[in-house]
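Heads up, the thing below is written out as structure tokens.
2 protein chains.
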Amino acid sequence: MEFLKQLGEVAFGTRLRLLTDRFIQDGAKIYQKQNIDFEPRWFTMFYLLSQRSPLTITEITSELGYTQPAVTQIANILVKKGLVKVIKDKSDTRKRLLALSPKGLDMISELKPVWRGFENAVKDLFSETGFDMMYIISKLENALDEKDMYHRISEKIKQEQFEGIEILKYRPEYKDLFRELNYEWLNKYFTIENEDKVLLLNPEEEIINKGGEVVFASYKGNIVGTAALLKYSEGEYELAKMAVTEKVQGKQIGKKLAEEIIRLAKEKNAKILFLETNVKLIAAMKLYKKLGFILTENHNSKYARSTIKMELKLS
Amino acid sequence: MEFLKQLGEVAFGTRLRLLTDRFIQDGAKIYQKQNIDFEPRWFTMFYLLSQRSPLTITEITSELGYTQPAVTQIANILVKKGLVKVIKDKSDTRKRLLALSPKGLDMISELKPVWRGFENAVKDLFSETGFDMMYIISKLENALDEKDMYHRISEKIKQEQFEGIEILKYRPEYKDLFRELNYEWLNKYFTIENEDKVLLLNPEEEIINKGGEVVFASYKGNIVGTAALLKYSEGEYELAKMAVTEKVQGKQIGKKLAEEIIRLAKEKNAKILFLETNVKLIAAMKLYKKLGFILTENHNSKYARSTIKMELKLS
DNA sequence: TATATTTATATAAGTGCTTATATATATTAG
DNA sequence: CTAATATATATAAGCACTTATATAAATATA
Chain A
1 MEFLKQLGEV
11 AFGTRLRLLT
21 DRFIQDGAKI
31 YQKQNIDFEP
41 RWFTMFYLLS
51 QRSPLTITEI
61 TSELGYTQPA
71 VTQIANILVK
81 KGLVKVIKDK
91 SDTRKRLLAL
101 SPKGLDMISE
111 LKPVWRGFEN
121 AVKDLFSETG
131 FDMMYIISKL
141 ENALDEKDMY
151 HRISEKIKQE
161 QFEGIEILKY
171 RPEYKDLFRE
181 LNYEWLNKYF
191 TIENEDKVLL
201 LNPEEEIINK
211 GGEVVFASYK
221 GNIVGTAALL
231 KYSEGEYELA
241 KMAVTEKVQG
251 KQIGKKLAEE
261 IIRLAKEKNA
271 KILFLETNVK
281 LIAAMKLYKK
291 LGFILTENHN
301 SKYARSTIKM
311 ELKLS
Chain B
1001 MEFLKQLGEV
1011 AFGTRLRLLT
1021 DRFIQDGAKI
1031 YQKQNIDFEP
1041 RWFTMFYLLS
1051 QRSPLTITEI
1061 TSELGYTQPA
1071 VTQIANILVK
1081 KGLVKVIKDK
1091 SDTRKRLLAL
1101 SPKGLDMISE
1111 LKPVWRGFEN
1121 AVKDLFSETG
1131 FDMMYIISKL
1141 ENALDEKDMY
1151 HRISEKIKQE
1161 QFEGIEILKY
1171 RPEYKDLFRE
1181 LNYEWLNKYF
1191 TIENEDKVLL
1201 LNPEEEIINK
1211 GGEVVFASYK
1221 GNIVGTAALL
1231 KYSEGEYELA
1241 KMAVTEKVQG
1251 KQIGKKLAEE
1261 IIRLAKEKNA
1271 KILFLETNVK
1281 LIAAMKLYKK
1291 LGFILTENHN
1301 SKYARSTIKM
1311 ELKLS
């Protein structure tokens, strides 16, 4: 077990499982020793029925946190053992009403000392550790109720991926990449128009020298995305030529690029940052909205593919 | 789940199991989402091999807390998946040396972000609860290492049983019980001798009126045991006629009776309390030793069954 | 008032462990 | 140097759940 302890948080699940086993396994031995024909897994259901009955399978399921087939299985065993009796519901013949049988009721007095023994043993164990374990387990349950492990882990992975994206400034040796990344997505969704070629073949002359910017996104050592800031007039800029290669889609690289363009626009004291896009690019539209872009009225575009214009007011 | 929470400590095992399930189940979904052909249960072994290898099945077993068949099973799956390779040990052909294969080594970089994501998610969860969960689980593990649940529960049950035994003073209506309880065990192990009959038929005249005592043990409303204190001479008493009915053996009723006799002897300012018994009564001998009785030299007894004499010095 | 949908339970098959036991090889004892 | 014992691993079967699906009855809908 030394290795598991070294592992820290990643092995918490495994250690929790081992702990659970140690807790539950020993219960069976106790009943055996006391010569009682009873098993630990019957406990919750048996006890529930001793408190409230009759109950249907479905009602028991909702109380115990087991699945319905598990409840059916345990119920069948208890019926077979003669500890639980079944009454058919007259008004709804699908329902099986379960209650303790006379034999089951008799058994309670035999079981109680074992349960008390277990309860006292657990209480002692907890006071040895010095922690209020019942409160702690509730806290963990509540935290997982609010957000389960799947969403917690997903978020952390996304966050790390996002932080792993590096923004690079334009350099002459990236010129071809700027064109290739844009051609890739233009060819996928639309066609390359003349206006595109002008900008994509001469980014230095057509964009940077005119007061704009070109940036790149690097992920795991490869350049996987690009975006440009075009100067339209004093205080008015355009976010354009944003492209992310297909293999790394879904890693929020577009978001990081767009955020950088917005930052650069602010640096240049832009009042308005606009962009043109097509309604069929759903993911892109969603991103722009999230960043604060709002739809504007009619526009006449240089591009055939452009169907709408969005803009972001920068104070 | 409301019912489980109401139950308190007795349902701790069940809640621990449910919590473990929630922890481990979600792991599988993450690998799936990230398109990695990997399962949570492979993790500890895979990670161990990435740190130290080659290792044999037995070596892995001792590190991970799983049983050997479980390790063999997981190892076989990993070999089948091509993530682990097997080398035969030359000096001991029984041994299989396991290590990550090139494919396995390659996979590490793919897996690392998921593991980091899991680790960070768990850390966040813990800081949300405000408890140092790694420390707490260690505490629980250590406490169970020192004494497992089986022994903890057993002790608590015994303790409660012991406390449930009531000592009753002699009353004329118990006279027959005194005889019957003693006849029961005498018939079982030995035969009834003349000296027995004298005492057992006339406890009032032969024991109590001569400065001795007779007590009874009641358990769950039934009288199940008896014992007598006989005055031998001033300051010298005998513990005798102790009998516990067979059905309730093992519940420390004999111990409670003997303790009461010792208490009464002290009350009467006894210097020496002795008893006669037979070496074949192993459980009884053990009890007497535990109470402080020690073997004495030769003795000449009234009883044929008596093989040894023990005594307890009372200050 | 027949038909679609929902609800209650059962059944089947799978999972990830366990315990019990088998098998083959290595080590130790006589 | 052989027989007994110990060790390393494999195999079988079981357990306590799960997910997926079937079945039958009740309820809603058109």
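Chains A and B, in that order, are what the protein sequence lines are.
The numbers in my numbering rise by one with no breaks, and the one at position 309 of the first sequence is 309.
The numbers in my numbering rise by one with no breaks, and the one at position 191 of the second sequence is 1191.
We put the CB at the ideal spot given by N, CA and C, even for glycine.
Remember, it's a predicted structure, so these values are computed and weren't measured experimentally.
Pull the bridge partners of residue i from the DSSP assignment, please.
{"i": "M310/A", "result": "L275/A and L295/A"}
{"i": "S127/A", "result": "DSSP output for S127/A lists no bridge partner at all."}
{"i": "S218/A", "result": "E166/A and I223/A"}
{"i": "A1240/B", "result": "A1228/B"}
{"i": "S233/A", "result": "E236/A"}
{"i": "E213/A", "result": "L229/A"}
Can you find a CB in chain A that lies within less than 8 Å of the CB of residue i?
{"i": "T1061/B", "result": "no"}
{"i": "L1124/B", "result": "The question names Leu, but residue 1124/B in the sequence shown is Asp. Yes, because at least one Cβ of chain A sits closer than 8 Å to the Cβ of D1124/B."}
{"i": "D1148/B", "result": "yes"}
{"i": "S1154/B", "result": "yes"}
{"i": "K1242/B", "result": "The sequence shown places Met at residue 1242/B, rather than the Lys named in the question. No, no contact with chain A."}
{"i": "D1026/B", "result": "yes"}
{"i": "F1162/B", "result": "no"}
{"i": "I1136/B", "result": "yes"}
{"i": "M1107/B", "result": "no"}
{"i": "K1139/B", "result": "yes"}
{"i": "I986/B", "result": "Only positions 1001 to 1315 of chain B appear in this structure, which leaves residue 986/B out of reach."}
{"i": "F993/B", "result": "Because chain B in this structure spans residues 1001 to 1315, residue 993/B falls outside the shown range and cannot be described."}
{"i": "G1117/B", "result": "yes"}
{"i": "L1055/B", "result": "no"}
{"i": "F1131/B", "result": "yes"}
{"i": "L1264/B", "result": "no"}
Distance cutoff 8 Å, beta carbons only. Does residue i sit that close to anything in chain B?
{"i": "P113/A", "result": "yes"}
{"i": "T14/A", "result": "yes"}
{"i": "F216/A", "result": "no"}
{"i": "L64/A", "result": "yes"}
{"i": "T44/A", "result": "yes"}
{"i": "N120/A", "result": "yes"}
{"i": "V10/A", "result": "yes"}
{"i": "I261/A", "result": "no"}
{"i": "A143/A", "result": "yes"}
{"i": "L19/A", "result": "yes"}
{"i": "G221/A", "result": "no"}
{"i": "G191/A", "result": "Just to set this straight, residue 191/A is Thr in the shown sequence, not Gly. Chain B contact via Cβ: absent."}
{"i": "L83/A", "result": "no"}
Buried or exposed: which applies to residue i, given that a residue is buried once 16 or more other Cβ atoms fall within 10 Å of its Cβ?
{"i": "E1260/B", "result": "buried"}
{"i": "P1172/B", "result": "exposed"}
{"i": "N194/A", "result": "exposed"}
{"i": "G104/A", "result": "buried"}
{"i": "F46/A", "result": "buried"}
{"i": "N300/A", "result": "exposed"}
{"i": "Q1252/B", "result": "buried"}
{"i": "R41/A", "result": "buried"}
{"i": "Q1161/B", "result": "buried"}
{"i": "Y1135/B", "result": "exposed"}
{"i": "R15/A", "result": "buried"}
{"i": "V244/A", "result": "buried"}
{"i": "L1230/B", "result": "buried"}
Exercise for review: Ignoring anything shorter than 4 residues or poking outside the region 53-137 of chain A, list the alpha helix (DSSP H) runs there in chain order.
Suggested key: 57-64, 68-80 and 102-129
request  = For the region 145-155 of chain A and the region 1120-1132 of chain B, state whether three or more C-beta atom pairs, one from each stretch, are separated by less than 8 Å.
outcome  = yes
Below 8 Å, can you find three or more Cβ-Cβ pairs linking the region 1112-1120 of chain B to the region 70-90 of chain A?
-> no
contact_flag[the region 1204-1215 of chain B, the region 1223-1241 of chain B] where n(CB pairs < 8 Å) is 3 or more:
yes
(Q) Can you confirm whether the region 304-312 of chain A touches the region 1013-1020 of chain B when touching is taken to mean that 3 or more C-beta pairs between the two stretches lie within less than 8 Å? (A) no
**Prompt:** Would you call the region 32-49 of chain A and the region 1160-1171 of chain B touching, i.e. three or more CB-CB distances under 8 Å?
**Reply:** no
Can at least three beta-carbon pairs, one atom from the region 254-269 of chain A and one from the region 231-241 of chain A, be found at a separation below 8 Å?
yes
Original post:
Counting Cβ pairs closer than 8 Å, one from the region 177-186 of chain A and one from the region 200-212 of chain A, do we hit at least three?
Top reply: yes
Q: Identify every run of the beta strand (DSSP E) within the region 139-198 of chain A, keeping only runs that are complete inside it and at least 3 residues long; order them along the chain.
A: 165-169
Runs of 4 residues minimum, wholly inside the region 245-270 of chain A: which ones carry the alpha helix (DSSP H) assignment? 253-267
task = For the region 23-39 of chain A and the region 284-296 of chain A, state whether three or more C-beta atom pairs, one from each stretch, are separated by less than 8 Å.
result = no
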